[in-house]
Amino acid sequence: MSIQVSTRIDVATKEKFDRVCNAIGISPSNALSLFIKSVINNNGIPFPLTAPPEVVPKMSREAMFGCMRGQFKMTDDFDAPLEDFEEYMV
62 MSIQVSTRID
72 VATKEKFDRV
82 CNAIGISPSN
92 ALSLFIKSVI
102 NNNGIPFPLT
112 APPEVVPKMS
122 REAMFGCMRG
132 QFKMTDDFDA
142 PLEDFEEYMV
(Lines of atoms letter the chains of each structure in order from A and count residues from 1; the text may use other names and numbers.)
(Lines give C-alpha, C1' and ligand atoms only; values in the text may rest on other atoms or scores of the structure.)
Protein backbone atom coordinates (compact mmCIF):
# COMPACT_ATOMS: atom_id res chain seq x y z
CA MET A 1 0.00 0.00 0.00
CA SER A 2 1.26 3.49 -0.75
CA ILE A 3 0.03 6.98 0.00
CA GLN A 4 0.50 10.28 -1.75
CA VAL A 5 2.67 12.92 -0.03
CA SER A 6 2.66 16.52 -1.20
CA THR A 7 4.90 19.47 -0.48
CA ARG A 8 5.27 23.04 -1.70
CA ILE A 9 8.42 24.34 -3.35
CA ASP A 10 9.03 27.26 -5.65
CA VAL A 11 8.88 26.75 -9.42
CA ALA A 12 12.60 27.33 -10.02
CA THR A 13 13.58 24.72 -7.42
CA LYS A 14 11.14 22.19 -8.91
CA GLU A 15 12.55 22.73 -12.40
CA LYS A 16 16.14 22.30 -11.20
CA PHE A 17 15.17 19.18 -9.23
CA ASP A 18 13.46 17.69 -12.29
CA ARG A 19 16.55 18.39 -14.44
CA VAL A 20 18.87 16.67 -11.96
CA CYS A 21 16.57 13.67 -11.62
CA ASN A 22 16.27 13.34 -15.41
CA ALA A 23 20.06 13.62 -15.77
CA ILE A 24 20.64 10.70 -13.40
CA GLY A 25 17.79 8.69 -14.87
CA ILE A 26 15.21 8.60 -12.08
CA SER A 27 11.86 10.24 -11.61
CA PRO A 28 11.42 13.00 -9.01
CA SER A 29 9.02 10.69 -7.18
CA ASN A 30 11.65 7.93 -7.01
CA ALA A 31 14.25 10.45 -5.83
CA LEU A 32 12.02 11.54 -2.97
CA SER A 33 11.28 7.91 -2.07
CA LEU A 34 15.03 7.22 -1.95
CA PHE A 35 15.53 10.25 0.29
CA ILE A 36 12.77 9.11 2.66
CA LYS A 37 14.22 5.59 2.85
CA SER A 38 17.68 7.04 3.50
CA VAL A 39 16.30 9.16 6.38
CA ILE A 40 14.82 5.99 7.87
CA ASN A 41 18.00 3.92 7.38
CA ASN A 42 20.25 6.66 8.82
CA ASN A 43 17.78 7.58 11.56
CA GLY A 44 18.18 11.20 10.47
CA ILE A 45 18.92 13.43 7.52
CA PRO A 46 21.58 11.67 5.39
CA PHE A 47 23.79 14.73 4.95
CA PRO A 48 25.22 17.37 7.28
CA LEU A 49 23.00 20.37 7.90
CA THR A 50 25.05 23.56 7.86
CA ALA A 51 24.33 27.22 7.31
CA PRO A 52 24.90 28.40 3.74
CA PRO A 53 28.14 30.39 3.32
CA GLU A 54 26.31 33.67 2.70
CA VAL A 55 24.54 33.40 6.09
CA VAL A 56 27.77 33.04 8.08
CA PRO A 57 29.90 36.01 7.08
CA LYS A 58 33.63 35.46 6.93
CA MET A 59 35.56 38.10 8.82
CA SER A 60 39.27 38.66 8.42
CA ARG A 61 41.42 38.43 11.52
CA GLU A 62 42.24 42.12 11.21
CA ALA A 63 38.57 43.09 11.04
CA MET A 64 37.63 40.76 13.92
CA PHE A 65 39.81 42.49 16.51
CA GLY A 66 38.37 45.86 17.37
CA CYS A 67 35.17 45.34 15.39
CA MET A 68 33.08 46.39 18.42
CA ARG A 69 35.16 49.51 19.08
CA GLY A 70 32.91 52.42 20.02
CA GLN A 71 29.94 50.14 20.79
CA PHE A 72 30.43 50.16 24.58
CA LYS A 73 31.01 52.92 27.12
CA MET A 74 33.01 52.15 30.27
CA THR A 75 32.29 54.24 33.33
CA ASP A 76 35.14 56.23 34.86
CA ASP A 77 35.15 54.05 37.99
CA PHE A 78 35.24 50.75 36.08
CA ASP A 79 38.56 49.67 37.63
CA ALA A 80 37.74 50.96 41.13
CA PRO A 81 37.57 48.36 43.93
CA LEU A 82 34.07 47.15 44.78
CA GLU A 83 32.81 48.01 48.24
CA ASP A 84 31.38 44.52 48.72
CA PHE A 85 34.92 43.06 48.60
CA GLU A 86 36.71 45.57 50.87
CA GLU A 87 37.17 42.98 53.60
CA TYR A 88 39.07 40.72 51.19
CA MET A 89 41.40 43.45 49.90
CA VAL A 90 44.88 43.59 51.42
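Heads up: the sequence shown begins at 62 in our numbering, then just goes up one per residue.
Don't be surprised by glycine CBs; every beta carbon is placed ideally from N, CA and C.
Item, Value
"8 angstroms CB neighbourhood of L93 in its chain, flanking five on each side removed", "V66"
"Extent of the continuous alpha helix (DSSP H) to which S90 belongs", "P89 to N103"
"N- and C-terminal bounds of the alpha helix (DSSP H) containing T74", "V72 to I85"
"Coarse secondary structure for R122, derived from DSSP in three states", "helix"
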